[in-house]
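For the sequence shown, the residue numbers in my numbering are 492 to 610.
Have a look at the structure below before the remarks.
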Amino acid sequence: MTHTASCHCGAVRIELDALPDSVTACNCSLCTCYGVLWAYCDAAQIVALPAASLTRTYAWNGRHVDFHHCAHCGCVTHWTPRDPGRVRRGINARLFPPAVLAALRVRHRDGADTGKYLD
Numbered sequence: 492m493t494h495t496a497s498c499h500c501g502a503v504r505i506e507l508d509a510l511p512d513s514v515t516a517c518n519c520s521l522c523t524c525y526g527v528l529w530a531y532c533d534a535a536q537i538v539a540l541p542a543a544s545l546t547r548t549y550a551w552n553g554r555h556v557d558f559h560h561c562a563h564c565g566c567v568t569h570w571t572p573r574d575p576g577r578v579r580r581g582i583n584a585r586l587f588p589p590a591v592l593a594a595l596r597v598r599h600r601d602g603a604d605t606g607k608y609l610d
């Protein structure tokens, strides 16, 4: 069974072949501004990603990942690593249907200071 995350306008859709056990709420300045919950997965778990023309990217201070948002409605959809050797990706779990999101445990990460999980 695939699970689909979709932006507000529906132009950007991301499909995963399985859901993670939990999602992450990070308190770093960027994640706090975006208001996202990250569903981390390996690239192999992603069944479908949007065409590059459907998203715009932002790399905070030229760091290690590109944050993608819908070019039409602006929703933050996912992030991809700049290093092609990294397999981990982050999908904005708030874009899954509410029932799917409600079934996932939320873990809290102190990205603003220690980088550690608080639970």
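Beta carbons are placed, not taken as given, at the ideal position from N, Cα and C, and that holds for glycine.
Proximity of residue i and residue j at Cβ, strictly below 7 Å
i	j	result
residue 504	residue 495	yes
residue 538	residue 506	yes
residue 542	residue 580	no
residue 552	residue 567	no
residue 569	residue 560	no
residue 563	residue 502	yes
residue 586	residue 514	no
CA nearest to the CA of residue i, picked from the options
i	options	result
residue 517	542, 510, 585 and 526	526
residue 546	524, 593, 565 and 532	565
residue 531	502, 563 and 597	597
residue 512	588, 604, 602 and 592	592
residue 498	575, 602, 574 and 540	540
Exposure of residue i, with buried meaning 16 or more beta-carbon neighbours within 10 Å
i	result
residue 609	exposed
residue 623	Shown here, the chain extends from 492 to 610; a query on residue 623 therefore has no answer.
residue 523	exposed
residue 578	exposed
residue 500	exposed
Residues sharing a beta bridge with residue i, DSSP
i	result
residue 557	571
residue 596	513
Limits of the unbroken beta strand (DSSP E) element including residue i
i	result
residue 538	537-539
residue 520	That residue, residue 520, is in no beta strand (DSSP E); its alpha helix (DSSP H) goes 520-525.
residue 531	529-533
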